[in-house]
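The listed protein sequences derive, respectively, from chains C and Y.
In this text, residue positions in the first sequence follow this note's numbering: the first is 645, and each later residue adds one.
In this text, residue positions in the second sequence follow this note's numbering: the first is 645, and each later residue adds one.
No residue lacks a Cβ here, since even glycine has one placed at the ideal position from N, Cα and C.
Quick caveat: nothing in here was measured; it's all calculated off a predicted structure.
There are 2 protein chains.
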Amino acid sequence: MQNLLDYEIILLPLCRYLHANASFMKTEMITLKKVSLKDIAAKAGVSTALVSFVLNGKGQEHRIGEETARHILQIAKEMNYRPNLAARGLRSGTTGTLGVVVSDISNPFFAQIARDIEDAADKLGRTVFFGSSDESAEKMKTLISGLINRGVDGLIVVPCEHSEDTIQELCKNKIPLVLLDRNFNDINVSYVVLDNFNAAYKATRHLIDSGYKKVGIIAYDVKLNHMQDRIRGYKEAVAEAGMAANVLVIKQKNFDKAFDKAMRKAMDDGVDALFLPTVTITISCLHYINDHNIEIPKQLGLVGFDGGDAFDLFSVPVSYVSQPVRHLSVKAVEILIDMIVNKNASVQGVRIVGSLIVRQSSLP
Amino acid sequence: MQNLLDYEIILLPLCRYLHANASFMKTEMITLKKVSLKDIAAKAGVSTALVSFVLNGKGQEHRIGEETARHILQIAKEMNYRPNLAARGLRSGTTGTLGVVVSDISNPFFAQIARDIEDAADKLGRTVFFGSSDESAEKMKTLISGLINRGVDGLIVVPCEHSEDTIQELCKNKIPLVLLDRNFNDINVSYVVLDNFNAAYKATRHLIDSGYKKVGIIAYDVKLNHMQDRIRGYKEAVAEAGMAANVLVIKQKNFDKAFDKAMRKAMDDGVDALFLPTVTITISCLHYINDHNIEIPKQLGLVGFDGGDAFDLFSVPVSYVSQPVRHLSVKAVEILIDMIVNKNASVQGVRIVGSLIVRQSSLP
DNA sequence: ATATTTTACTTAAACGATATAGCAAAAAAA
DNA sequence: TTTTTTTGCTATATCGTTTAAGTAAAATAT
């Protein structure tokens, strides 16, 4: 391992606390792995089966003596027993974990989703494995494969472009799966997405209603349907108003340059309002606006996506489409767990309506 | 489960693709759990031990015939074998997973840390379990306990206030552990933190050098040493300049109200520059500034923390202390894995120097 | 008094991998 | 030829659970 870093290592003195209060402990202990069912069984003078039953609350069901049950429970508590979940998973075939693959967990939008999924899963007694695919189908497949090897009970996936095969395969193998944020029309799989068409329509329509005469959109050049739906929604609105569409697409790689070019073109073409269908694009646009002293909302009207501190704190507060992130996440978890628990739950597609937050950036 | 959500459920038609191309498959398959060592052994006509050896690259070591090894390898590939990592973990006592507990993964700072840890761990062949503690010692303990039950090989923890006991206990139980972002001076445990004292000193000193006469700080009312060190650094700088310290502390709960009060007091007291030692505090401050039409940098000088789009896009670009997040994360992973691999690696404390990004907000 | 049922537990086989100890056959050494 | 060594593999215990199947003793029924 290289050390490219600018730091200083400080070796601490041998610990004066290490065995300080070894003999007493306040609350429940956290132990590495020691105590097993066998240990409890030994101490209680019963079989491991009994212990397992009692500890899983199947005492009644298996007609275990009340006295014995109490005894076992007490010993388990005393010894601070913690089940080895790997072993349980191995035996029972279900681990209580969910796998979540997003594009990039450092992206605030997905970070929020991750958090909401974490909470929702926790409420339903599951824990979550996260992974970032970086919009690479290959990486996504590797991640999913790893998650499955780790025995997750199901997956929530934000699919990237060209990942249809992987998704198909998961379906074919009956792995509980919910797509999030984006879905594939041709694959029969559960999904939870924003009503992107509607959101984009509303956003564009709002710009038009505000009096802008030439509304454009700067979108990613991807076939993923969330982006296509946003473009469709935009087109629908401009068409309805009898305007020409101004769709500027940019590739994700070499983003900065591509964005700059698109933006310049928009300005040259006399576009007087822009719908920006992702946070990243919106943020880039705000930078461009600052750098080129474009006047918002007079010279250029703006509706962005997803929101964030930067939107609120920009010199002119930015209007945006707000996704109900929490609802999307909760719904995805609910559907997934339903599929896991209820083996033959039906495939569900959920489309949640977003809201338009209107600020000054779109009110000339 | 309640459905408080605004959505419509769309039931998809039964899948026309479900068995579409069941007979051929392009790339490697993702299978739920089917193929085991035993299956391969059976097909190859050898024992499971052989298969295990070969697949783990211990062929030479165990003098396995080249021919046989090749054969096994090929069958494994054909059957698309994927090891059950739970089983391996159970048997070998090591799972190749790391547990990471941060305050809140939806916080951009920690989201970035999560991402960097994920990448670093991946490079070193491990995967990561994340959890958010919400700055609650109780929740942190529960999370850690769960992670240990899941068999993580080690932990990276952003400890919260009052979590000393839990950390002590982990040490006592020899669980590989690295604290991140914050550490406890009295506990002999590895840590990777920013040189907070230095960073705060630099930031404050910069404000003083810029000519501000009454520099204040708005900090959280927590005993955690990252915050205390930031306050100390601030105090050192003002003291050195012969100025009085203006430390305004706020509780984390009821944050908005508390912040407002602190901010008002600062302005009333004639503070002409502020050092804001976290992102959250900085963002709140920017909101306050907008709401109260405070002139930056003339009326009030500003140095924030951690950066972000909002800092760049604010009407006056905001100066800030930049943490080398990537380096912090990578270092934490390196140290942790070193502790895991090299059982008696020594405890290391690493303090990385941050840099001051100067913008207009601190140049009157 | 014997048969049946109920109660309260135990045995032991999995789950899928790893790893130690051991065994036969072939090759080399004596 | 016999002994030793090497080569190439197998058998099996084990990790910590769960769970089906079984059993022995006590209680109830006949």
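Within 8 angstroms, strictly: CB atoms of residue i and residue j
i: E805/Y; j: A781/Y; result: yes
i: S1006/C; j: V947/C; result: yes
i: A906/Y; j: I894/Y; result: yes
i: G998/Y; j: S966/Y; result: yes
i: D950/C; j: G952/Y; result: no
i: G733/C; j: A730/Y; result: yes
i: I861/C; j: F919/C; result: yes
i: V923/C; j: F753/C; result: yes
i: A847/Y; j: V891/Y; result: no
i: D900/Y; j: R759/C; result: no
i: G945/C; j: A917/C; result: yes
Strand pairing of residue i, partner residues [DSSP]
i: F754/Y; result: Note: F754/Y sits in no beta bridge, so no partner.
i: Y845/C; result: Note: Y845/C sits in no beta bridge, so no partner.
i: V690/C; result: DSSP output for V690/C lists no bridge partner at all.
i: Y835/Y; result: L823/Y and G993/Y
i: V891/C; result: I861/C
i: F958/C; result: F958/Y
Nonlocal neighbours in the same chain, by C-beta distance under 7 angstroms from residue i, ignoring five residues either side
i: R995/C; result: V837 and D839
i: L980/C; result: L742, G798, I800, P820 and V822
i: K785/C; result: T810
i: Q756/C; result: V969
i: A902/C; result: I894 and K895
i: I708/C; result: L694, F697 and V698
Element boundaries [beta strand (DSSP E), containing residue i]
i: I1001/Y; result: S999 to I1001
i: G945/Y; result: G945 to F949
i: G743/C; result: T741 to V746
i: F919/C; result: A917 to F919
i: Q992/C; result: Q992 to I996
i: G798/C; result: G798 to V801
Residues near residue i in its chain [Cβ-Cβ closer than 8 angstroms; skip 5 each side]
i: F668/C; result: Residue confidence for F668/C is low, a pLDDT of 32 falling below 50, so the modelled location carries little weight; the figure read from the coordinates is stated next. Contacts found: none.
i: F773/C; result: T741, L742, G743, V744, L791, R794 and V796
i: A685/Y; result: S691, T692, L694 and V695
i: D904/Y; result: Y932
i: A666/Y; result: Its pLDDT being 29, under 50, A666/Y is placed unreliably by the model, and the measurement read from it follows with that caveat. Excluding positions up to five away in sequence, the list is empty.
i: N988/Y; result: none
i: L717/Y; result: V698 and L699
i: P1008/Y; result: S854, G855, Y856, P941, K942 and G945
Boundaries of the alpha helix (DSSP H) in which residue i is found, first to last residue
i: N793/C; result: A781 to N793
i: T771/C; result: Taken as a continuous stretch (DSSP letters only), T771/C belongs to no alpha helix (DSSP H), being part of the beta strand (DSSP E) at T771 to S776.
i: A863/C; result: Taken as a continuous stretch (DSSP letters only), A863/C belongs to no alpha helix (DSSP H), being part of the beta strand (DSSP E) at V859 to Y864.
i: Y964/C; result: No alpha helix (DSSP H) holds Y964/C; the beta strand (DSSP E) holding it covers S963 to S966.
i: I940/C; result: Per DSSP, I940/C belongs to no alpha helix (DSSP H) and is neither H nor E.
i: N869/C; result: N869 to E884
i: L768/Y; result: Counting along the chain, L768/Y falls outside any alpha helix (DSSP H), and DSSP gives it neither H nor E.
i: G733/Y; result: L729 to S736
i: S973/Y; result: V969 to V985
i: R908/Y; result: F899 to D912
i: K816/C; result: E808 to K816
i: L717/Y; result: E710 to E722
Other residues of its chain near residue i: CB distance less than 6 angstroms, five sequence neighbours each side excluded
i: V1002/Y; result: S963
i: E880/C; result: Y845
i: A976/C; result: I800, V822, L824 and V836
i: E779/Y; result: S747 and C804
i: C815/Y; result: V833
i: T771/Y; result: T741
i: A885/C; result: I852
i: P921/Y; result: A863, R874 and F949
Contacting positions in the stretch 747-762 of chain Y - beta carbon closer than 9 angstroms to chain C
Per Cβ criterion, the list reads D748, I749, S750, N751, P752, F754, A755, Q756, I757, A758, R759, D760 and E762.
Along the stretch 727-739 of chain Y, what residues have a CB closer than 8 angstroms to any CB found in chain C?
So the list reads P727, N728, L729, A730, A731, G733, L734, G737 and T739, given in the order they occur along the chain.
Using a Cβ-Cβ cut-off of less than 8 angstroms, list which residues of the stretch 917-938 of chain C approach chain Y; keep chain order.
Listed in sequence order: I927, L930, H931 and N934.
Anything in the stretch 947-959 of chain C with a Cβ closer than 9 angstroms to a Cβ of chain Y? List those residues in chain order, please.
So the list reads G952, D953, A954, F955, D956, L957, F958 and S959, given in the order they occur along the chain.
Please name the residues in the stretch 783-794 of chain C whose beta-carbon is closer than 8 angstroms to at least one beta-carbon of chain Y, in chain order.
Answer in chain order: K785, I788, S789, G790, I792, N793 and R794.
Between the stretch 884-905 of chain Y and chain C, which residues of the former have CB atoms less than 7 angstroms from a CB of the latter, in chain order?
Those residues of the stretch 884-905 of chain Y that come within reach of chain C (Cβ to Cβ, closer than 7 angstroms) do not exist; the list is empty.
Chain C contacts made by the stretch 766-783 of chain Y, where a contact means CB separation under 9 angstroms:
Against chain C - using a Cβ distance shorter than 9 angstroms - the residues of the stretch 766-783 of chain Y are D766, L768, T771, V772, F773, F774, G775 and S776.
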